[in-house]
Each structure stands twice: as C-alpha cells, then as structure tokens.
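Colleague: Handing you a structure now.
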Amino acid sequence: MLAPVLAAADREGLPVYLENSNPANHGFYTSFGFEKIGEFSVLNESPPMAPMWREPR
8 MLAPVLAAAD
18 REGLPVYLEN
28 SNPANHGFYT
38 SFGFEKIGEF
48 SVLNESPPMA
58 PMWREPR
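Remember, my numbering sits 7 above the position in the sequence shown when you count from 1.
Here's what the structure looks like:
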C-alpha cells in the first residue's frame with residue numbers, strides 16, 4: 008500500500024508526510040526514507056505522535 012504512493016510522489020517530485028503513533032513502526036517507515044521531524048501529544052492519555060517526512064527520490 009505504501010510503495011505505490013511513494014512511487015507516485017517520487018515521479019511527481021513531491022515529499023510525503025505522515026504521523027506515526029506507534030514507536031514500533033519507526034524502523035518500518037525509516038526503511039522507506041522517512042525521517043522523524045518532531046513529537047507531540049494530542050491528549051495526556053494519548054500516545055505521542057511522531058511526524059515523519061520523506062523527500063522525493
């Protein structure tokens with residue numbers, strides 16, 4: 008599901024943004040070229056959100 012979206016973004020020269028709420032997924036997203044660009048919480052009880060960015064390739 009992710010690969011076709013990234014391929015289309017790369018063809019168009021567009022970056023891709025996502026928000027990851029599960030630290031276990033960090034390695035998965037970095038393997039596709041995403042970099043963590045921050046962290047924030049929506050509510051005190053919610054898991055931290057990690058915005059991630061990927062430049063086109």
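Ideal placement from N, C-alpha and C gives every residue a C-beta, glycine not left out.
In the DSSP assignment, find the beta strand (DSSP E) that holds L25 and state where it starts and stops.
Modeller: Locating residue 25 in the sequence shown gives position 18, counting from the first residue. Looking at the DSSP string, the run of the beta strand (DSSP E) that includes L25 is 23 to 27.
Colleague: With burial defined as no fewer than 16 other Cβ atoms inside 10 Å of the residue's Cβ, what is the status of N29: buried or exposed?
Modeller: In the sequence shown, the residue the question calls residue 29 occupies position 22. With fewer than 16 Cβ atoms within 10 Å of its Cβ, N29 is classed as exposed.
Colleague: Locate the alpha helix (DSSP H) running through A14, then write down its first and last residues.
Modeller: Position 7 of the sequence shown, counting from 1, holds the residue named residue 14. Unbroken alpha helix (DSSP H) run through A14: 9 to 19.
Colleague: In or out: F47 buried (at least 16 other Cβ within 10 Å) or exposed?
Modeller: Mapped onto the sequence shown, residue 47 falls at position 40. Exposed.
Colleague: Look up F47 in the DSSP assignment and say whether it is helix, strand or coil.
Modeller: Residue numbering aside, residue 47 sits at position 40 when the sequence shown is read from its first letter. Correct three-state label for F47: strand.
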